[in-house]
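Here's the structure, in structure tokens; my notes come after.
In the working numbering, the protein residues as written are 1 to 213.
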């Protein structure tokens, strides 16, 4: 199953949950650029996903791997443990606001699972990316925020530059065009200058992300 196929099948319209808050809007002049946050600003998704054993097993099957029926072993927990271990390593290196690269986490995890004979399948870059996308979408589906396309089109027509500064992994730009029907570039984003936390191995509120933008 391709990234786009999985996204089309698994991503479904979501209803944004707005807390009771009063809006205070005022006109701002002299705007030259708009810097977007990605998740829960442009794209709605649950803040905490269901990274469970059942979803990981489904993602393995969708990605061409065969998980073994291994009793009490929990694939979802193994993923979370590996993610925590990678983040701890970054923190011990003295990195403030560390971010992980999920591709490295999945690579280590799959190699461990294969060596312990818990998973069968060829571990390569394409398979790792496919698994990461499938597990993410199974764990927390994503959809566009209301009026997102209309807002982006209006900003593009106004001639404003647009980028993102977001805590996100490599699959964020993959998911967006499938649920939006257009690429980020087509909607006015300068894709080459979008700032994604996984590329910098830093998370918000690290100054490095904003200085790069």
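Note that the Cβ used here is the ideal one computed from N, Cα and C, for glycine as well.
Review point. Within the chosen definition, does the region 149-164 reach the region 180-199 through at least 3 CB pairs nearer than 8 Å?
Key: With three or more CB-CB distances shorter than 8 Å, the region 149-164 counts as touching the region 180-199.
Check your understanding: CA-CA distance, residue 53 and residue 67?
Key -> By 1-based counting over the chain shown, the position of residue 53 is 53. By 1-based counting over the chain shown, the position of residue 67 is 67. Going by the C-alpha atoms only, they are around 11 Å apart.
Practice item. Could you name each continuous alpha helix (DSSP H) segment of 4 residues or more that falls completely within the region 19-75, going from the start of the chain to the end? Key: With a minimum length of 4 residues, the continuous alpha helix (DSSP H) runs that stay inside the region 19-75 are 53-62.
Check your understanding: Which residues mark the beginning and the end of the beta strand (DSSP E) in which residue 133 is found?
Key -> Start at 1 with the first residue of the chain shown, and residue 133 comes out as number 133. No beta strand (DSSP E) contains residue 133, which is instead part of the alpha helix (DSSP H) from 125-139.
Check your understanding: Around the Cβ of residue 69, are there at least 16 other Cβ atoms within 10 angstroms (buried) or fewer (exposed)?
Key -> Within the chain shown, numbered from 1, the residue matching residue 69 stands at position 69. With fewer than 16 Cβ atoms within 10 Å of its Cβ, residue 69 is classed as exposed.
Review point. Roughly how many angstroms lie between the CA atoms of residue 159 and residue 45, to the nearest whole one?
Key: Taking the first residue of the chain shown as 1, we reach residue 159 at position 159. Taking the first residue of the chain shown as 1, we reach residue 45 at position 45. For residue 159 and residue 45, the distance between alpha carbons rounds to 29 Å.
Exercise for review: Flag this pair as yes or no: are the beta carbons of residue 37 and residue 202 separated by less than 7 Å?
Suggested key: On the chain shown, position 37 is the one that residue 37 refers to. On the chain shown, position 202 is the one that residue 202 refers to. No, the pair does not count as a contact, with Cβ atoms beyond the cut-off.
Check your understanding: Just checking, does the region 72-84 make contact with the region 175-187 on the three C-beta pairs under 8 Å criterion?
Key -> no
Review point. From residue 48 to residue 140, what distance separates their C-alpha atoms?
Key: In the chain shown, counting from the first residue as 1, residue 48 sits at position 48. In the chain shown, counting from the first residue as 1, residue 140 sits at position 140. Their backbone Cα atoms lie some 8 Å apart in a straight line.
Review point. Any idea if residue 130 is buried or exposed, counting beta-carbon neighbours within 10 angstroms, 16 or more meaning buried?
Key: As a working note, residue 130 is residue 130 in the chain shown. Residue 130 should be labelled buried.
Exercise for review: Kindly indicate which three-state DSSP category residue 156 falls into: helix, strand or coil?
Suggested key: The residue labelled residue 156 in the question sits at position 156 within the chain shown. Helix at residue 156.
Exercise for review: Could you name the residues of the same chain whose beta carbon sits closer than 6 Å to that of residue 169, not counting the 5 residues immediately before and after it, in chain order?
Suggested key: Within the chain shown, numbered from 1, the residue matching residue 169 stands at position 169. 102 and 198.
Practice item. Go ahead and pull the three-state DSSP assignment for residue 178. Key: Along the chain shown, one-based indexing puts residue 178 at 178. Correct three-state label for residue 178: helix.
Practice item. Output the boundary residues of the beta strand (DSSP E) element that contains residue 144. Key: Position 144 of the chain shown, counted from the first residue, corresponds to residue 144. Counting along the chain, the beta strand (DSSP E) containing residue 144 begins and ends at 142-144.
Practice item. Quick one: residues in its chain with C-beta nearer than 7 Å to the C-beta of residue 135, no 5 flanking neighbours on either side, listed in chain order? Key: Locating residue 135 in the chain shown gives position 135, where the first residue counts as 1. Within its own chain, the residues whose Cβ lies closer than 7 Å to the Cβ of residue 135, once the five positions on either side in sequence are excluded, are 55, 56 and 59, listed in chain order.
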